[in-house]
Amino acid sequence: WPPHIPILCSQSLSGKMAQAAGFKVCVVGGAGGIGQPLSLLMAMDPLVSELCVYDLTLAMVPAAGVAADLSHINSRAKVSAYAFDKDDKAIDKAEECLTGCHLVLVPAGVPRKPGQDRKDLLGINAGIAKNIVEACAKFCPDAVIGLIVNPVNSVVPAMCEMWKKKGLNPAKICGVTSLDILRANKFVYELTGAPIGGIEIPVIGGHAGATILPLFSQDKAAATIAADKIPELDKKVQDAGTVVVSAKGGKGSATLSMACAASRFAKAVLAGLNGTDTVECAYVMSSITELPYFASKVTFGKEGVKEVHPIGELSAYEKERLAGLMATLKEEIDAGLEYAAANDFA
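In UniProt numbering, the protein residues as written are 1 to 346.
Here you go:
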């Protein structure tokens, strides 16, 4: 599948490329642990002409401070800050911020703590996501929305179903699962020593525990790994988020790696909006399995999600794993559908 646009972390944009089309991007939760590095990466993206940093007034760092800091970077992006109180409804406060947005990234919600799994967060985080997504439905219904709100397996179906009730296109809403790909790629590199730029492991299913299924058989470097090593490698990808939560001792979850992954997702979306179809894995409304939501390769084009790709050839181990994860993923999707049935956007 097509290579990804590299993340530009140190390159000055002045005089090095023609001025491309510009897109307005909003990072909701932009002053948080994921939001700050993600906002940095977005401000440096040559396709981003306007960046909105949106967060609570009680954020540890004021959104205005993050925006002021980012505004000194040598890039084309005009950076603005917006803040709201914890009891505010985004639909009442976010018109200026969201109007005209092409991409809304949502690294919002309560992070996991040691001993929690992602589904423990559904009650809190679905409400946070609803507050934001219903505002998007009103002010930027044509934007692509990248949700980085756990539990993704439940929150994305909940938001899509409520979005559909408003008569809007649910293919605009994506769960960002790119971190699973980055982890799989890195772990294969560590095992094989193959050039890391040539490693690209599709990751399908969902974005939690055993629902995460890396397809090592579909990558040339990973296919050289002994079959008896694959289950251990698979489990390492599944457990990677928990390892970070534990290592941070209750003081956070994956933030820097998640920001990098969300930037990769955003670059695929923006490249597609700019006319270059780009493939990335994401958790979206899908018909490639019996489940209505599933993570797989997705082509992003000028309207957002252009095509959801079939799973492709699987090894015997991957076939067994896929069959085994479906019941758990269905249960988590159903939790999201139940939330949507009991709630509506304003």
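Note that the Cβ used here is the ideal one computed from N, Cα and C, for glycine as well.
Note that the structure is predicted; figures quoted are calculated from it, not measured.
Asked: Just list the alpha helix (DSSP H) runs in the segment 6–82, keeping only unbroken ones of 4 residues or longer that don't cross its boundaries, in chain order.; Found: 35–43, 63–70
Asked: Give the DSSP bridge partners of Leu147, in chain order.; Found: Val106, Gly175
Asked: By the DSSP assignment, the alpha helix (DSSP H) with Glu307 in it spans what residues?; Found: Glu307 -> not in any alpha helix (DSSP H); beta strand (DSSP E) instead, spanning 304–308.
Asked: Identify the continuous alpha helix (DSSP H) that holds Ser296 and give its terminal residues.; Found: First-last for Ser296: 293–301, but that is the beta strand (DSSP E), not the alpha helix (DSSP H).
Asked: Give a yes or no on whether the C-beta atoms belonging to Arg76 and Gly22 are separated by under 8 Å.; Found: yes
Asked: Pairs of beta-carbons, one from the segment 245–254 and one from the segment 201–220, closer than 8 Å: are there three or more?; Found: no
Asked: Between the segment 222–237 and the segment 305–325, can you find at least three pairs of beta-carbon atoms closer than 8 Å?; Found: yes
Asked: Within the chosen definition, does the segment 177–187 reach the segment 281–291 through at least 3 CB pairs nearer than 8 Å?; Found: yes
Asked: With respect to the alpha helix (DSSP H) encompassing Cys136, which residues constitute its N-terminal and C-terminal limits?; Found: 122–139
Asked: For Gly32, tell me which candidate among Val203, Leu105, Glu307, Asn343 has the shortest Cα-Cα distance.; Found: Leu105
Asked: Helix, strand or coil for Thr278, going by three-state DSSP, please let me know.; Found: strand
Asked: Roughly how many whole angstroms lie between the Cα atoms of Ala194 and Ala64?; Found: 43 Å
Asked: Considering Cα atoms alone, identify which of Leu191, Ala81, Asp87, Tyr189 is closest to Gly127.; Found: Asp87
Asked: Under the rule that 16 or more other beta-carbon atoms within 10 Å means buried, what is Leu58, buried or exposed?; Found: exposed
Asked: Assess contact between the segment 324–335 and the segment 146–154, defined as three or more Cβ pairs (one per stretch) separated by less than 8 Å. Is contact present?; Found: yes
Asked: Can you tell me whether DSSP reads Pro202 as helix, strand or coil?; Found: coil
Asked: Can you have a look at residue 347 and say buried or exposed, based on whether 16 or more other CB atoms are within 10 angstroms of its CB?; Found: Look at the range of the chain in this structure, 1 to 346, and you will see that residue 347 is not part of it.
Asked: Per DSSP, Leu213 forms a beta bridge with which residues?; Found: Ile204
Asked: Pull the bridge partners of Tyr317 from the DSSP assignment, please.; Found: None, per the DSSP bridge assignment.
Asked: Which of helix, strand or coil does DSSP assign to Trp1?; Found: The predicted model places Trp1 with a pLDDT of 49, which falls under 50 and marks its position as unreliable; any figure quoted below should be read in that light. Coil.
Asked: Return the CA-CA distance between Thr140 and Ala254, expressed in angstroms with no decimal places.; Found: It is worth fixing the name first, because residue 140 is Cys in this sequence and not Thr. Distance between the alpha carbons of Cys140 and Ala254 is about 29 Å.
Asked: Exposed or buried, which one is His72 when buried takes at least 16 other CB atoms within 10 Å?; Found: exposed
Asked: What are the boundary residues of the alpha helix (DSSP H) that includes Gly241?; Found: 230–247
Asked: Can you tell me the Cα-Cα spacing of Leu270 and Asn169, whole angstroms?; Found: 18 Å
Asked: For Val48, verify whether its CB is less than 7 Å away from any heavy atom of the ligand COA.; Found: Of ligands this structure carries none, so the ligand COA is not represented either.
Asked: Kindly give me the distance between the Cβ atoms of Ala137 and Lys166, rounded to whole angstroms, as I take these residues to be in contact under 8 Å.; Found: 5 Å
Asked: Identify which residue in Glu232, Glu200, Ser257 has its Cα closest to the Cα of Asp219.; Found: Glu200
Asked: Taking Tyr54 as the reference, give the member of Gly206, Ala171, Ala108, Asp277 with the closest Cα.; Found: Ala108
Asked: Near Ile311, which residues of its chain fall below 7 Å by C-beta distance, leaving aside the five closest residues on each side in sequence?; Found: Ile204, Ile288, Ser296
Asked: Measure the Cβ-Cβ separation of Ala266 and Gly146 and say whether it is below 8 Å.; Found: yes
Asked: Taking only three categories from DSSP, how would you classify Phe345?; Found: coil
Asked: Give me the DSSP bridge partner(s) of Tyr283.; Found: Gly175, Ala295
Asked: So residue 372 packs on Leu98, CB below 8 Å; how close in whole Å?; Found: The requested residue 372 does not occur in the structure, where the chain is confined to residues 1 to 346.
Asked: In the structure shown, what three-state DSSP assignment does Gly272 receive?; Found: helix
Asked: Measure the C-alpha to C-alpha separation of Phe345 and Pro157 and round it to an integer number of angstroms.; Found: 14 Å
Asked: On the DSSP letters alone, give me the boundaries of the alpha helix (DSSP H) that Ile225 sits inside.; Found: Here Ile225 belongs to no alpha helix (DSSP H), and DSSP marks it neither H nor E.
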